[in-house]
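See structure below.
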Amino acid sequence: MNLGKSLLIGANASIEKPRIVQPLKSEKVISGQPVLFVCMVEGNPSPQVQWTISGISVFSSPQFGEVIAMPRGSVLRIANALPTLNGSAVVCIAENALGHAEATARLFVYQNEEMAPPGFPRFLNVFSVIVAKKNDKVELECRTQGDPSPLIRWFKDSTPIDHTNTRFLVTPAEIWRRSHTRRTGK
């Protein structure tokens, strides 16, 4: 029996303490813009994920944004990054019966675009609401500028797009295509 990492139960099931499977990334943003932190976790039973900003527990609220549970993790979405959050430690804590794991990142908030360093990523286009009928194809283009070239991450309903899902296609030109909608029309 090894309670340090996992415990074998029966022939095929094991319980495992939580672990962070993808490093939490520090983020830089201009004041007033949204920012997302993605925490991917594993463990059995599935870990519960909590967030803190500068030691204060974060729950979904207009003040802090929203916490979105997803399979194998959680997303913290801050709708309006304020300069008062500049330099804050953002911590993802995953817990289950065997223990906990945590990852820390920093949030850096620039007062305005002029305060951002040269080459800071910028969006060159503005998204608008797109209404699609069932089975319609949808295409979104994200044009950015920055040095080095910005890494584009796509989210739907604040959840990262699963690039292995054949319904979605992200092209090298950073165009996101959805081949068809679900029965719910989403």
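Position one of the sequence shown corresponds to residue 1 (UniProt numbering), numbered consecutively onward. We treat Cβ as the ideally placed atom computed from N, Cα and C, and that holds for glycine. All of these numbers come straight from a predicted model, not from anything done at the bench.
- Task: Could you please give the first and the last residue of the uninterrupted beta strand (DSSP E) stretch that includes residue 36?
- Result: Here the question's residue 36 lines up with position 36 in the sequence shown. For residue 36, the enclosing beta strand (DSSP E) stretches over residues 35-44.
field: Coil, strand or helix - residue 20 by DSSP
entry: Reading the sequence shown from its first residue, position 20 is the one you call residue 20. Three-state result, residue 20: strand.
- [ ] Name the residue from 105, 78, 79 whose alpha carbon lies nearest to the alpha carbon of residue 22.
- [x] For the purposes of this step, residue 22 is taken as the residue at position 22 of the sequence shown. If we check each option's Cα against that of residue 22, 105 comes out closest.
Next on the checklist: Using C-beta distances below 7 Å, list every residue in its chain close to residue 113, excluding the 5 sequence neighbours before and after it, in chain order.
Outcome noted: To locate residue 113, count along the sequence shown from 1; it is residue 113. For residue 113, same chain residues with a beta-carbon under 7 Å away, outside a window of 5 residues either side, are 30 in chain order.
So the beta strand (DSSP E) residue 140 belongs to, where does it begin and stop? Working through the sequence shown from its first residue, we reach residue 140 at position 140. Per DSSP, residue 140 belongs to the beta strand (DSSP E) from 138-141.
Taking 6 Å as the limit between beta carbons, can you name the residues of its chain near residue 102, skipping five residues before and five after? Against the sequence shown, residue 102 aligns to sequence position 102. Only 91, 93 meet the Cβ criterion.
Review point. When you compare each of 162, 110, 134 to residue 34 by their alpha carbons, which one comes out closest?
Key: Along the sequence shown, one-based indexing puts residue 34 at 34. Of 162, 110, 134, the residue nearest in Cα terms is 110.
Rounded Cβ spacing between residue 68 and residue 61 (contact assumed at less than 8 Å): Residue numbering aside, residue 68 sits at position 68 when the sequence shown is read from its first letter. Residue numbering aside, residue 61 sits at position 61 when the sequence shown is read from its first letter. Contact between residue 68 and residue 61 does not hold, since the beta-carbon distance rounds to 13 Å and is not under 8 Å.
* Of the residues 42, 27, 88, which one's Cα is nearest the Cα of residue 55? -> Residue numbering aside, residue 55 sits at position 55 when the sequence shown is read from its first letter. The residue with the shortest Cα to Cα distance from residue 55 is 88.
The segment 78-85 in contact with the segment 131-139 per 3-pair CB rule at 8 Å: Result no; under three Cβ-Cβ pairs closer than 8 Å.
>> I'd like to check one pair, residue 144 with residue 160: are the Cβ atoms closer than 8 Å?
In response: Translated into positions along the sequence shown, residue 160 becomes position 160. Translated into positions along the sequence shown, residue 144 becomes position 144. No; because the gap between Cβ atoms is not below 8 Å, this pair is not in contact.
Using only the alpha-carbon positions, how far apart do residue 119 and residue 129 sit? Position 119 of the sequence shown holds residue 119. Position 129 of the sequence shown holds residue 129. Going from the Cα of residue 119 to the Cα of residue 129 covers about 28 Å.
Tell me whether residue 186 is buried or exposed, calling it buried when 16 or more other Cβ atoms sit within 10 Å of its Cβ.
-> The sequence position of residue 186 within the sequence shown is 186, counting from 1. Note that residue 186 has pLDDT 47, beneath the 50 cutoff, so the model's placement of it is unreliable and the number below is only indicative. The residue in question, residue 186, is exposed, as its Cβ has fewer than 16 Cβ neighbours within 10 Å.
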